[in-house]
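Under UniProt numbering, the very last position in the sequence shown is 165; numbers go up by exactly one each time.
Notes follow once the structure below has been shown.
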Amino acid sequence: GAFTLTSPSHEEGAEFGDKYTCAAAGFNGSLLPELHWTPGPSGTKSYAITFIDVTLTTRTPPSDLGYHWVIYDIPANVTSLPEAFMDAASIGAKQNNAYLGPCPNFSGGNANTDTYEFTIYALAEESVTIAGSGTAAAKDAEAKLEASHLAKAKLTGTSDASPPR
């Protein structure tokens, strides 16, 4: 069957709920929505997931601030992450930083509505090497994962969140 990424708490293309963005508890208080994926194709040895503000990364000039999060080296027997998941090491995975949800209006207001993508990659390797940390690591991960994967699937959404004032 098709490789898919879904969430019981977020409908494809919809606006992300406040608790998954900076609107509820600030930029560092955003919670990861629960994620589920179907098993990857034959030969899948691990998974990686990126979370990217594609409005920022595809504009001219592009902004690297759009590269929010990557978790990688997720073992092949793992096919979900619970809501508010934070501890990558608990499942044998690695991440560039804690999940950082949408916050397109970091300085206040709601002028910007950005589009965000969770992308899951099924990989033929048990482990990948990602350079740097923070946004640089998420950007490096996207380039490497796009260049080499068995399958990928996306879950998209929008947000006009700003931090609580």
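Note that CB positions come from ideal geometry on N, CA and C, so glycine has one too.
(request) Would you please state the rounded distance, in angstroms, between the beta carbons of Tyr72 and Ala93? I believe it to be under 8 Å. (result) By 1-based counting over the sequence shown, the position of residue 72 is 72. By 1-based counting over the sequence shown, the position of residue 93 is 93. Right, their Cβ atoms sit about 7 Å apart.
(request) State the DSSP-derived secondary structure class of Gly132, mapped to helix, strand or coil. (result) Here residue 132 corresponds to residue number 132 of the sequence shown, with the count starting at 1. Coil.
(request) Take the Cβ of His36 as the centre, count every other Cβ of all protein chains shown within 10 Å, and call the residue buried at 16 or more, exposed below. (result) Along the sequence shown, read from residue 1 onward, the residue named residue 36 stands at position 36. Counting Cβ neighbours within 10 Å, His36 comes out exposed, since fewer than 16 surround it.
(request) Tell me, please, whether the stretch 43 to 55 touches the stretch 116 to 134 by the rule of three or more beta-carbon pairs shorter than 8 Å. (result) Here the stretch 43 to 55 makes contact with the stretch 116 to 134; the two share three or more CB pairs at distances below 8 Å.
(request) Can you grab the Cα-Cα spacing for the pair Thr158 / Gly13, in whole Å? (result) Working through the sequence shown from its first residue, we reach residue 158 at position 158. Working through the sequence shown from its first residue, we reach residue 13 at position 13. One C-alpha to the other measures close to 7 Å.
(message) On the DSSP letters alone, give me the boundaries of the beta strand (DSSP E) that Thr158 sits inside.
(response) Here residue 158 is taken as the residue at index 158 of the sequence shown, counted from 1. Residues Ala151 to Ser159.
(request) Check each candidate in Tyr20, Asn28 and Tyr47 and name the one with the smallest Cα separation from Glu34. (result) Here residue 34 refers to the residue found at position 34 of the sequence shown. Ranking the options by Cα distance to Glu34, first place goes to Tyr20.
(request) Within its chain, find whatever has a CB closer than 7 Å to the CB of Phe85; leave out the 5 residues flanking it on each side and keep chain order. (result) By one-based count along the sequence shown, residue 85 stands at place 85. The answer, listed in chain order, is Leu32.
(request) Compare the C-alpha of Thr135 against each of Ala48, Arg59, Thr50 and Tyr67 and name the closest. (result) Looking up residue 135 in the sequence shown gives position 135. Ranking Ala48, Arg59, Thr50 and Tyr67 by Cα distance to Thr135 puts Tyr67 first.
(request) Could you tell me the distance, in whole angstroms, from the CA atom of Ala143 to the CA atom of Ile49? (result) On the sequence shown, position 143 is the one that residue 143 refers to. On the sequence shown, position 49 is the one that residue 49 refers to. Ala143 and Ile49: Cα-Cα distance of roughly 13 Å.
(request) Taking all protein chains shown into account, decide if Pro104 is buried (16 or more other Cβ within 10 angstroms of its Cβ) or exposed. (result) Residue 104 sits at position 104 when you count from the first residue of the sequence shown. Label assigned to Pro104: buried.
(request) With DSSP collapsed to three states, give me the class of Val70. (result) Walking along the sequence shown from the start, residue 70 turns up at place 70. Strand, per DSSP.
(message) Ile130 and Lys152 - do their beta-carbons sit closer together than 8 Å?
(response) Along the sequence shown, one-based indexing puts residue 152 at 152. Along the sequence shown, one-based indexing puts residue 130 at 130. Not closer than 8 Å, so no.
(message) Going by DSSP, what residue range makes up the beta strand (DSSP E) through Ala48?
(response) The count along the sequence shown starts at 1 and reaches residue 48 at position 48. Counting along the chain, the unbroken beta strand (DSSP E) around Ala48 starts and ends at Ser46 to Asp53.
(message) Measuring alpha carbon to alpha carbon, tell me which residue in Glu83, Thr60 and Gln95 is nearest Lys70.
(response) Numbered from its first residue, the sequence shown carries residue 70 at position 70. Note that residue 70 is Val in the sequence shown, not Lys. Val70 has its Cα closest to that of Gln95, out of Glu83, Thr60 and Gln95.
(message) Since Phe27 and Leu100 should fall inside the 8 Å C-beta cutoff, what is the C-beta to C-beta distance between them, to a whole number of angstroms?
(response) To locate residue 27, count along the sequence shown from 1; it is residue 27. To locate residue 100, count along the sequence shown from 1; it is residue 100. Contact check for Phe27 and Leu100: beta-carbon distance about 6 Å, within the 8 Å limit, so the pair qualifies.
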